[in-house]
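Written out below as structure tokens is the structure these notes cover.
Residue numbers (our numbering): 1266 to 1450.
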């Protein structure tokens, strides 16, 4: 339906040669989406991007990573960076243009990827951690995650935990405030 009515087609970029240019597309679409949402993405930090750019190229060589794009006549409208092993596909990072959002391209690509994975015999399609709304529509199970932080049992260790807690709380409040301000503007 996406192909016939909207002119969208899924393209897999799964070789060391093709994943590099696709990673640039993914990054651009990811940054567009996060900027529109008013979210400062840790994925978009220079050090993180450089790590993933190199990792994706190396992992694509062993068929352990790929980028899928949903392309229209004007280029990619959504992209997904996925990792995989012998039995699972891990839906890791995405990006989408405003035109893609208007077409519902995110859900379309996700559905196409799930079908692609099932046809190739993957047993699991893992949406990974996070409580984003779109995951509730696809998930059959919810996994509770716990974070355990270990530090030295002295004043320096307690201070490090307190600083980390303060940073996390401030980042959360800032992000909520930015999203609220954008909704009410």
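We treat Cβ as the ideally placed atom computed from N, Cα and C, and that holds for glycine. In this text, all values refer to a predicted model and were calculated from it rather than measured experimentally.
Alpha helix (DSSP H) containing residue i: first to last residue?
i, result
"residue 1281", "1281-1302"
"residue 1337", "Looking at the DSSP string, residue 1337 is not in any alpha helix (DSSP H); the run it does join, the beta strand (DSSP E), is 1330-1337."
"residue 1311", "1311-1326"
"residue 1418", "Where residue 1418 is concerned, there is no enclosing alpha helix (DSSP H), given that its DSSP letter is neither H nor E."
"residue 1380", "1370-1384"
Tell me which residues share the same chain as residue i and place their Cβ nearer than 6 angstroms to its Cβ, disregarding the 5 neighbours each side in the sequence.
i, result
"residue 1336", "1274, 1276"
"residue 1359", "1345"
"residue 1384", "none"
Less than 7 angstroms between C-beta atoms, sequence neighbours within five positions excluded: which residues of the same chain meet that for residue i?
i, result
"residue 1425", "1416"
"residue 1288", "1318, 1321, 1332"
"residue 1447", "1303"
"residue 1427", "none"
"residue 1414", "1426"
"residue 1407", "none"
"residue 1305", "none"
"residue 1382", "1354, 1390"
Suppose contacts are defined by Cβ-Cβ distances below 8 angstroms. Is residue i in contact with residue j by that definition?
i, j, result
"residue 1341", "residue 1284", "no"
"residue 1354", "residue 1391", "yes"
"residue 1403", "residue 1375", "yes"
"residue 1299", "residue 1309", "yes"
"residue 1314", "residue 1334", "no"
Using a Cβ-Cβ cut-off of 8 angstroms (strictly less than) and excluding sequence neighbours within five positions of residue i, which residues of its own chain qualify?
i, result
"residue 1328", "1279, 1349"
"residue 1389", "1352, 1353, 1354"
"residue 1439", "none"
"residue 1347", "1330, 1331, 1332, 1333, 1354, 1355, 1356, 1357, 1378"
"residue 1387", "1349, 1352, 1353, 1354"
On the CB-based measure, 16 or more other CB atoms within 10 Å of its CB, does residue i come out buried or exposed?
i, result
"residue 1316", "exposed"
"residue 1442", "exposed"
"residue 1365", "buried"
"residue 1435", "exposed"
"residue 1295", "buried"
"residue 1290", "buried"
"residue 1356", "buried"
"residue 1330", "buried"
"residue 1373", "buried"
Could you round the C-beta distance between residue i and residue j to whole angstroms and report it? I think they count as a contact, below 8 angstroms.
i, j, result
"residue 1361", "residue 1370", "6 angstroms"
"residue 1422", "residue 1338", "Wrong, their Cβ atoms sit about 57 angstroms apart, outside the cutoff."
Could you give the residue range of the beta strand (DSSP E) that holds residue i?
i, result
"residue 1348", "1340-1349"
"residue 1360", "1353-1361"
"residue 1277", "1274-1278"
"residue 1390", "1389-1391"
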